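See below for the structure under consideration.
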Amino acid sequence: GNGLFIFDEPESALSISSQFRLLIRMKELVDNKSQFIIATHSPILLSYPGADIYRITNNGFESVTYEETDQFKLTKYFINNYPKMLDELGVSEDNNI
């Protein structure tokens, strides 16, 4: 049925595959007139189609697109450049003693 669901970082207890299952369940509930307010750092949960995404800044709330979120940009960069990023972080194999 319909309802208002408020989640605070639900991804903290979920594997990536469970986050995908949560997206599916959210879609089912939204189709039945439910709404969600979610505080998240998950690029997976942020990807929900049509979601209104707000970033908290020193000046209040700022509306952003999915692709403008740090979660999207950093995850994309890491996946496309993980050896380089590991080196930038100082944790690549070349940095081991």
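Numbering-wise (the UniProt record's numbering), the sequence shown opens with residue 1 and increments by one. Glycine is no exception: its CB is placed at the ideal position from the N, C-alpha and C atoms. Just so it is clear, the structure is predicted and the values come from calculations on it, not from any experiment.
Worksheet item: Which one or two residues does DSSP pair with L4 in a beta bridge?
Response: Q35
- [ ] Look at the alpha carbon of S18 and the alpha carbon of D94, and state the distance between them as a whole number of angstroms.
- [x] 34 Å
Mind checking whether L45 and I38 have CB atoms under 8 Å apart?
yes
Looking at F72: is its Cβ nearer than 8 Å to the Cβ of P49?
no
*asked:* Starting from T57, trace the beta strand (DSSP E) in both directions and tell me its first and last residue.
replied: 53 to 57
- Query: By Cβ distance below 6 Å, which residues in the same chain neighbour F78 in space, the five residues on each side in sequence not counted?
  - Reply: M85
- Message: Check for me: the beta strand (DSSP E) holding E62 runs from which residue to which?
- Response: 60 to 64
Practice problem: Out of L89, G3, G90, point me to the one whose CA is closest to K33's CA. | Solution: G3
Sequence-distant residues of its chain with Cβ nearer than 8 Å to S92 (five each side left out) = P83, L86
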